[in-house]
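J.: Here you go, one structure.
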Ligand SMILES: CC(C)(COP(=O)(O)OP(=O)(O)OC[C@H]1O[C@@H](n2cnc3c(N)ncnc32)[C@H](O)[C@@H]1OP(=O)(O)O)[C@@H](O)C(=O)NCCC(=O)NCCS
């Protein structure tokens, strides 16, 4: 039986209800794509997790095979502060890539985003990943965009190979955008 035939369940967790074993499994999954060490992944998780983050996973036979995080952020659009969700750390288990699971994971995230107050989200990625997010229905921001460090290290623009993608069906992020944060 292929993955497409398996029962794969989207699962939503917060820092308050996630089990330590799930954090370990997610860190091991992330380590496939961003290899450091499990200890370093766990330390990063501890340092960079906020109390209002939401963790989205796909689970197959109790195994976490895909993960992303939703962060609550403020953006400034043409001088006006707005709430938005920021999607980070999108990853699918290497053994299960190329079978539509990344799209399903992003679909689960969009369901959540569409039901939050702001209803909009953004993410930063490399140019090589733009086709994946475009296939998921996200659109590239081609307007002026700046990123202000949350820890006061200053402001920067996107690098040549960086992209900002949005889920913004009602065009609430139309205009000049300033993003805030250090982790995307
Ligand atoms: C990017 C990633 C999440 C995609 O997951 P996946 O399960 O392989 O993706 P899917 O099978 O759902 O693919 C969905 C669509 O995106 C396309 N796609 C997937 N990965 C792609 C890539 N790297 N480049 C271009 N297109 C890609 C697929 O062809 C498919 O398009 P289609 O519907 O027209 O056939 C996965 O490859 C991954 O975990 N990569 C490593 C971590 C990473 O780079 N994350 C992104 C951080 S910004």
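Numbering (our numbering), first residue to last: 143 to 326. All residues carry an ideal CB built from backbone N, CA and C; glycine is no exception.
1. What number of angstroms, rounded off, separates the C-alpha of residue 297 from the C-alpha of residue 198?
2. Would you mind working out which of 182, 175, 187 sits nearest residue 160, comparing C-alpha positions?
3. According to DSSP, is residue 273 part of a helix, a strand, or is it coil?
4. Could you spell out where the alpha helix (DSSP H) holding residue 173 opens and where it closes?
5. Please determine, among 151, 211, 308, 148, the residue with the shortest C-alpha to C-alpha distance to residue 86.
6. When we look at the beta-carbon of residue 207 and count the other beta-carbons within 10 Å, is it buried (16 or more) or exposed?
7. What are the complete beta strand (DSSP E) segments, minimum 3 residues, inside the segment 222 to 306?
8. Given that a residue counts as buried once 16 or more other Cβ atoms are within 10 Å of its Cβ, and exposed if not, what is residue 226?
9. Does the segment 230 to 246 touch the segment 171 to 190, meaning 3 or more C-beta pairs lie closer than 8 Å?
10. Measuring CB atoms only, is the segment 272 to 290 touching the segment 306 to 323, in the sense that at least three cross pairs come out at less than 8 Å?
11. To which residues of the same chain is residue 201 closer than 6 Å at the C-beta, ignoring the five residues directly before and after it?
12. Is any non-hydrogen atom of ligand 1 found closer than 7 Å to the C-beta of residue 309, if you look at the structure I gave you?
13. Buried or exposed: residue 237, going by 16 or more other Cβ atoms within 10 Å of its Cβ?
14. Assuming residue 149 is part of the alpha helix (DSSP H), what are its boundary residues?
15. Thinking just about the alpha-carbon of each residue, which of 249, 185, 309 is nearest to the one in residue 261?
T.: The structure says:
1. 30 Å
2. 187
3. It is helical.
4. 162 to 175
5. The question about residue 86 has no answer, for the chain in this structure spans 143 to 326.
6. Buried is the label assigned to residue 207, since at least 16 other Cβ atoms lie within 10 Å of its Cβ.
7. Runs of the beta strand (DSSP E) spanning 3 or more residues and lying entirely within the segment 222 to 306 occur at 222 to 234, 263 to 268, 287 to 290, 297 to 299, in chain order.
8. buried
9. Under the Cβ criterion (8 Å, minimum of three pairs), the segment 171 to 190 counts as touching the segment 230 to 246.
10. yes
11. 151, 153
12. no
13. With fewer than 16 other Cβ atoms within 10 Å, it is exposed.
14. That residue, residue 149, is in no alpha helix (DSSP H); it is neither H nor E in DSSP.
15. 309
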